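Report on the following structure.
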Amino acid sequence: MSVGYKFIDWNPQKKKYDAVMAGCILLYLLAFILLNTMMFPEITAETLIIRATGTLAILMLHVILIIGPLARFVPEAKILLYNRRHLGVSMFFISAIHGIFSIIQYHGGGNENPIVSLFTSNMDYFSFVEFPFMILGFFALVILFFMAATSHDFWLNKLSPKTWKRLHMMVYVAYTLLIFHVLLGTLQNEKSLLGFLLLLLGSITVCGMHIMAGIKNRKEEQLFFKKSGEFELVCRVDEIENNRAKLFTFKGKSIAIYKYDDKISAVDNYCKHQGGPLSEGKIIDGCITCPWHGWQYLPENGQSPPPFQEKIPTYEVRVTKGLVYVNPISKGEGAAIKAAQIN
Amino acid sequence: MEKEFYIGYLPEAPAAHKKWVKKFLGILIIAILLLAGLLTFGQGMISKGIFNFGKTSELEGYLRMYPVPHLKVYNDKGIYGENLYKTVILTGAFKFGAEEIVKEIFEKNNKDLNDTGFYCQLNGTLIYNDGKALFELTDGADAYLKTLDIPDNILNDTLSNQAMIDGFNPYRLETTLKGEIIDPKCYFGAMKPGSGKVHKSCAIRCISGGIPPVLKVSSESTNQYYILFGEDKKSVSSDILDYIAEPVEITGRFEALDDWFVLYIDPEKAIRKL
Ligand code: HEM
Ligand code: FES
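Quick mapping for you: the protein sequence lines, in order, are chains A and B.
Position 63 of the first sequence, counting from 1, maps to 63 under the numbering used here, and the rest follow consecutively.
For the numbering used here, count along the second sequence from 1 and bump the result up by 1000.
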């Protein structure tokens, strides 16, 4: 499914996104450092760096994980999604600072190589409470590293979107490791319950939002499969550019209507990868190509070309007297539907 | 002509999106400030320990090797007019003990390590908290300044002169204590946190690097600190690495060393995890 990898480029929106992100990061760091030096004048610079970056990184990870399901409920939230990689890469760098400073601080300057010490100083591998929590953070950092390193579209193509996606699903493994990293580390040193409650709240939010989004998806699908609907008028054939699409929204559904080879096909607007807007994509090599990361689907059945297995819902289309009609009730994900001939 | 294949999102977000993003940002900024606050307060206490990092000072006292390398420093007069001393535990740089450095100083002065020691002036970095002090000797060469005569006020102090002499005490009492083994350098100032689970692996590094292990015994109002040492002038550091930074119970015979205690233990049988 490769069509070159220069899809992601800078545009004013992205620059704004990054500026806002950098602003938020700075705001948090400033607030945390200021409050800490006021509350705890004894705190050392190393501890401050380790804690400021550690807490910031996990907060960012929560944001990263929450905006996905959020976009299912609040369509406007998709605007946060499309540049999520920058959020992820920044999060990696911040947690790398945390990890490196921790390794130097807790394992450096001793009678053992710091990395060896990370694995061999606390050997309570078979105890839950005494478990060497830092290696949980270490493995999470390794996962985050591979995700950040492969975040460019070059790797999406190189690894194939499927492998890429699998790799990036590892973020949930990293998240779980980090929950235990904090639970078995810092939270065991603290007497106050506040940190524990915040972590609980965070993980409940992440899990809850994912479950709710899953339920919503399933419900919507069932709803659309049951009814058999009427055809709706969309637009004139000549309003759609060749190899391009027009977006048609109807009762909360977004449908991309594609024109190519004197034919019209309709598929769901929502890319299976990260929800990219397929109506803004293009037909390349006979496939609908997502503008975000280049995933592809065949217009007549919404399926990714083999060996890929992604399927998006397809819709029946009719063309009469130069007008395009679509049945907004989907025939299901990957359902084969003959394209409507223009002539 | 064909349009450029559109990349990413629209260059200009639709008005509805813009409005939503503004609202979202407002909430986000409030959340950021709130969380920075909560995560700061959630930290509970941060140790008040001081490590005069980058600021060396000079300290004089009786330099001795056992039970741990330390400098016995005149502190104050007691209520009977007797001299009060502090035992300032010496450490090396980073996660190392002071044994090698102190050995060199002894050699330079042609003294036997088993001697009661000699009066000298050292250069290093102070670490202190909770009434206890440690002194980090930076480097073998810089650490030792000079050997001095014993000052008169110490020499003439008949009441506590005996304390200068490391006599074997046959009256050490056996006791069983519950506490946590800490590395005193980090605990008293070099690190925050310097004890507990977070600090466990660092404490293991420090103690295996020669910083003397100390048992911290906490009661409601105070902490007491027992330097762990073997009978027969043998360090127990390598035997107790598995027990560091966990609740443990230790049995041994103790004696006072100025403001510290020393607990003489047989590491094979003395320690139990709780
Ligand atoms: C090599 C990897 C890592 C090491 C050695 C490491 C080490 C540590 C240490 C020593 C602490 C305790 C700090 C304290 O209580 O003062 C800590 C806490 C924490 N770590 Fe990590 N960590 C690593 C990776 C990560 C990563 C990737 C994250 C990503 C979010 C993370 C998030 C946190 C958080 C949220 C805390 C608790 C809050 C804090 O005290 O900073 N850590 N980590
Ligand atoms: S959203 Fe990533 S390819 Fe469509």
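Note that beta-carbon positions come from the ideal geometry of N, C-alpha and C, so glycine has one too.
Note that the structure is a prediction, hence the values are computed from the model and not measured.
Beta-carbon within less than 6 Å of Glu1004 of chain B's beta-carbon, same chain only, minus the 5 sequence neighbours each way: which residues are those?
Residue placement at Glu1004 of chain B cannot be trusted, given a pLDDT of 40 that sits under 50; the coordinates are not used to answer.
Beta-carbon spacing of Ala1203 of chain B, Ala1245 of chain B below 8 Å:
Yes, the Cβ-Cβ distance between Ala1203 of chain B and Ala1245 of chain B is below 8 Å.
Which same chain residues, not among the five before or five after Asp1076 of chain B, have their C-beta less than 6 Å away from its C-beta?
Excluding sequence neighbours, Asp1076 of chain B sits near Leu1084.
Restricting to runs no shorter than 4 residues, where is the alpha helix (DSSP H) found entirely within the region 71-146 of chain A?
For the region 71-146 of chain A, whole alpha helix (DSSP H) runs of length 4 or above, ordered along the chain, are 78-81, 84-107, 114-120.
Take Asp1183 of chain B and list the residues in its own chain whose beta-carbon comes closer than 6 Å to its own, dropping the five residues that flank it on each side.
Hits under 6 Å: Ala1203, Cys1206, Ile1207, Ile1211.
Helix, strand or coil: how does DSSP classify His1017 of chain B here?
Of the three classes helix, strand and coil, the one that applies to His1017 of chain B here is helix, per DSSP.
Is Gln303 of chain A near the ligand FES - that is, is its Cβ less than 7 Å away from at least one heavy atom of it?
Relative to the ligand FES, even the nearest heavy atom lies 7 Å or more away from the CB of Gln303 of chain A.
Relative to the ligand HEM, is the shortest distance from any of its heavy atoms to the C-beta of Ser346 of chain A smaller than 7 Å?
Lying before the first or after the last residue shown, residue 346 of chain A is absent from chain A, which here runs from 1 to 343.
Report yes if the C-beta of Arg51 of chain A is less than 7 Å from at least one heavy atom of the ligand HEM; otherwise report no.
Arg51 of chain A: yes, Cβ under 7 Å from the ligand HEM.
Verify the contact flag: His98 of chain A, CB atom, against every heavy atom of the ligand HEM, threshold strictly below 7 Å.
For the ligand HEM, at least one heavy atom lies less than 7 Å from the Cβ of His98 of chain A.
How about Phe250 of chain A: is its C-beta nearer than 8 Å to some C-beta of chain B?
For Phe250 of chain A, the answer is no, since every Cβ of chain B falls outside 8 Å of its Cβ.
Chain C beta carbons: is any one of them nearer than 8 Å to that of Met134 of chain A?
Note that chain C does not occur in the displayed structure, where the protein chains are A and B.
Near Val1236 of chain B, which residues of its chain fall below 8 Å by C-beta distance, leaving aside the five closest residues on each side in sequence?
Excluding sequence positions up to five before and after Val1236 of chain B, its CB lies within less than 8 Å of the CB of Pro1213, Leu1228, Phe1229, Gly1230, Ile1265, Pro1267, all in the same chain and listed in chain order.
Please determine if the region 132-148 of chain A and the region 237-252 of chain A are in contact, where contact requires at least 3 C-beta pairs separated by less than 8 Å.
Verdict: no, contact absent.
Suppose only complete runs of 3+ residues qualify. What are the beta strand (DSSP E) ranges in the region 1062-1148 of chain B, listed by chain order?
Within the region 1062-1148 of chain B, the complete beta strand (DSSP E) runs of at least 3 residues are 1070-1077, 1083-1091, 1118-1129, 1132-1137, 1144-1147.
Since Gln188 of chain A meets chain B, which of its residues come closer than 8 Å, beta carbon to beta carbon?
Simply Gly1196, Lys1197, Val1198.
Based on Cα-Cα distance, which residue from A:Pro328, A:Leu197, A:Val234 lies nearest to Lys251 of chain A?
Closest by alpha carbon: A:Pro328.
Helix, strand or coil: how does DSSP classify Val20 of chain A here?
Helix, per DSSP.
By DSSP, does Arg1253 of chain B sit in helix, in strand, or in coil?
In the displayed model, Arg1253 of chain B falls within a strand according to three-state DSSP.
Would the region 271-285 of chain A and the region 71-91 of chain A be scored as touching if the rule is three or more Cβ pairs under 8 Å?
The region 271-285 of chain A is in contact with the region 71-91 of chain A.
Val326 of chain A versus Cys290 of chain A - alpha carbon distance:
Taking the straight line joining both Cα atoms gives about 21 Å.
Is the shortest distance between the beta-carbon of Gly4 of chain A and the beta-carbons of chain B less than 8 Å?
Low local confidence applies: a pLDDT of 40 at Gly4 of chain A is under 50, so the model's placement there is unreliable, with the coordinate-based value given in what follows. Residue contact check for Gly4 of chain A against chain B: no CB pair falls below 8 Å.
Cβ contact (3+ pairs, closer than 8 Å) linking the region 140-150 of chain A and the region 92-112 of chain A:
In the pairwise beta carbon analysis, the region 140-150 of chain A is classified as touching the region 92-112 of chain A: at least three pairs are separated by under 8 Å.
Strictly by DSSP, which residues pair up with Gly332 of chain A?
A:Thr314, per the DSSP bridge assignment.
Proximity test, Cβ basis, 8 Å: Thr1125 of chain B and chain A
Judged by the 8 Å Cβ criterion, Thr1125 of chain B is not in contact with chain A.
Go through its chain and collect everything with a Cβ distance to Asn1123 of chain B's Cβ below 7 Å, but skip five positions before and after it.
Here Asn1123 of chain B has Thr1056, Glu1058, Asp1142, Ala1143, Leu1145 as same chain residues with Cβ atoms under 7 Å from its own Cβ, once five neighbours each way along the sequence are excluded.
Give me the Cα-Cα distance between Met123 of chain A and Phe1118 of chain B, rounded to the nearest whole angstrom.
Distance between the alpha carbons of Met123 of chain A and Phe1118 of chain B: 41 Å.
Using a Cβ cut-off of 8 Å (strictly closer), state whether Tyr106 of chain A contacts chain B.
So yes, Tyr106 of chain A belongs to the interface.
Cβ of Met39 of chain A less than 8 Å from any chain B Cβ?
Yes, because at least one Cβ of chain B sits closer than 8 Å to the Cβ of Met39 of chain A.
For Leu1025 of chain B, which residues in chain A fall below 8 Å Cβ to Cβ?
Contact note: Leu1025 of chain B reaches chain A through Val20, using a C-beta cutoff of 8 Å and chain order.
Within chain B, partners of Ile43 of chain A - CB distance below 8 Å:
Correct list: Ile1046, Lys1192.
Using a Cβ-Cβ distance cut-off of 8 Å, determine whether Lys253 of chain A contacts chain B.
It does not; no Cβ of chain B falls within 8 Å.
Does the Cβ-Cβ distance between Val317 of chain A and Ile257 of chain A come in under 8 Å?
Yes.
Do you know how far the Cα of Gly1194 of chain B is from the Cα of Leu156 of chain A?
Leu156 of chain A and Gly1194 of chain B: Cα-Cα distance of roughly 44 Å.
Please list the residues of the region 126-152 of chain A that have a C-beta atom closer than 7 Å to any C-beta atom in chain B, keeping them in chain order.
Those would be Glu130, Pro132, Met134, in chain order.
Which residues in chain B sit within 7 Å of Gly185 of chain A, going by Cβ to Cβ distance?
The answer, in chain order, is Lys1197, Val1198.
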